[in-house]
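**Student:** Shown below is the structure under consideration.
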Amino acid sequence: MASKASQMLAALLASALIGSFAKPVGNLRGADGAKDSGLEVPDVSGLPDTPGPYQEEPNNTDAEKPKAAMVDWRAQVPNATQGSLGSLLSLSAWQEHQFCNLHKTGFFCENSTRIRCCKLEDGYAKCGSTANSSACSQQKLPEEPKSKMLKTGAGWWHGMPGFWHIHPGWHVSSFCQSHHVGSFCRSHHVIHCCNDYGHFVECNTQYHDSGYFC
């Protein structure tokens, strides 16, 4: 029986080959330069994040103080074995796949992307990602004017404390509540999870690849 790592790599390869991780629709932080301090969106530039199950997860209190990635970490990634599934990936995709095997469990910054790494039964894998994370950015993102926040379709209704207004088309998801921000291949379909003003929700309607096979 194939190992879980091999099964996971096969799913990642399928996603890479069909090009399922397309650009987001519209403007969100992490997409087309839009910045909204109340939103966190997944990094969709590479391979999907692993949905688990996990043997070990980082403490969520560390999410706002991620460690820096190792200097020149890509040079430390061993080449994929010839003829393996990994050898079918591009060099960059293979290196990204090995990021957490080098860094182990925790939150890390790779440029402006925050990467969440978890331990699996037979290795480590990326189990979440946040594009243009304020925790990783050297420059703080400017605060949006309240009037613009009201136009986003999501956020807290000013003047009405305690009421949350979710983005149209997004919905609360138990999967996203447990996995937080990231893009995952679950049951052979792409699932995008966003942090919408402190609420972890499925935000598939924001992405072209939603519902793609992976």
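So for the sequence shown, this note's numbering puts the first residue at 50; every next one is plus one.
Think of the CB as a built atom: it goes at the ideal place given N, C-alpha and C, for glycine as much as any other residue.
1. Kindly indicate the opening and closing residues of the alpha helix (DSSP H) around H146.
2. Determine the burial state of D121: buried for a count of at least 16 other Cβ atoms within 10 Å of its Cβ, exposed for fewer.
3. Quick one: what's got a C-beta closer than 8 Å to T154's C-beta in the same chain, skipping five residues either side?
4. Go ahead and label F224 buried or exposed: buried means 16 or more other beta carbons lie within 10 angstroms of its beta carbon, across all protein chains shown.
5. For the candidate residues Q226, K175 and E159, whose alpha-carbon lies nearest to that of P97?
6. Quick one: is G132 buried, meaning 16 or more other Cβ sit within 10 Å of its Cβ, or exposed?
7. Would you mind sorting P91 into buried or exposed? The rule is 16 or more other CB atoms within 10 Å of its CB.
8. Span of the beta strand (DSSP E) holding C43?
9. CB-CB under 6 Å to C252, same chain, minus the five flanking residues each way: which ones, in chain order?
10. So for L134, helix, strand or coil by DSSP?
11. Does H216 come out as helix, strand or coil in the three-state DSSP assignment?
12. So for L151, helix, strand or coil by DSSP?
13. Using a 10 Å radius around the Cβ and a threshold of 16 neighbouring Cβ atoms, would you call N181 buried or exposed?
14. Decide if D245 is buried, meaning its Cβ has at least 16 other Cβ atoms within 10 Å, or exposed.
15. Where R163 and S141 are concerned, what is the direct C-alpha to C-alpha distance, given to the nearest angstrom?
16. Can you give me the Cβ contacts of P115 inside the same chain, cut-off strictly under 7 Å, excluding the 5 residues immediately before and after it?
17. Per DSSP, which one or two residues make a beta bridge with A180?
**Tutor:** With the structure as the only source:
1. As a first step, residue 146 is located in the sequence shown; it is residue number 97 there, counting from the start. Following the DSSP letters along the chain, one finds H146 inside the alpha helix (DSSP H) bounded by residues L140 to H146.
2. Your numbering for residue 121 matches position 72 in the sequence shown. Exposed, by the Cβ-count rule.
3. Counting from one through the sequence shown, the residue named residue 154 turns up at place 105. So the list reads E105, E106, P107, C166, C167, K168 and Y173, once near-sequence residues are dropped.
4. Start at 1 with the first residue of the sequence shown, and residue 224 comes out as number 175. Note on F224: under 16 other CB atoms within 10 angstroms of its CB, so exposed under the neighbour-count rule.
5. The residue you call residue 97 lines up with position 48 of the sequence shown. Its Cα nearest to that of P97, the residue K175 stands out among Q226, K175 and E159.
6. Here residue 132 refers to the residue found at position 83 when the sequence shown is read from its first residue. Looking at its Cβ environment, which holds fewer than 16 other Cβ atoms inside 10 Å, G132 is exposed.
7. For the purposes of this step, residue 91 is identified with residue 42 of the sequence shown, where counting begins at 1. Looking at its Cβ environment, which holds 16 or more other Cβ atoms inside 10 Å, P91 is buried.
8. Because the chain is modelled from 50 through 263, residue 43 falls outside the range shown and cannot be assessed.
9. Against the sequence shown, residue 252 aligns to sequence position 203. Around C252, the same chain offers W219, H241 and C243 as residues with beta carbons nearer than 6 Å, after the five sequence neighbours per side are excluded.
10. Looking up residue 134 in the sequence shown gives position 85. Helix.
11. In the sequence shown, counting from the first residue as 1, residue 216 sits at position 167. Of the three classes helix, strand and coil, the one that applies to H216 here is coil, per DSSP.
12. Numbered from 1 along the sequence shown, position 102 holds the residue referred to as residue 151. L151: helix per DSSP, three-state reduction.
13. Position 132 of the sequence shown, counting from 1, holds the residue named residue 181. Around the Cβ of N181, a 10 Å sphere holds 16 or more other Cβ atoms; the residue is buried.
14. By one-based count along the sequence shown, residue 245 stands at place 196. Under this definition D245 is a buried residue.
15. What you label residue 163 is simply residue 114 of the sequence shown in a count that begins at 1. What you label residue 141 is simply residue 92 of the sequence shown in a count that begins at 1. Cα to Cα, the separation comes out at about 18 Å.
16. Within the sequence shown, residue 115 is the residue found at index 66, counting from 1. Cβ neighbours of P115 beyond the five flanking positions: F156, F157, C158, R163, A184 and C185.
17. Position 131 of the sequence shown, counted from the first residue, corresponds to residue 180. In the DSSP assignment, A180 is bridged to no other residue.
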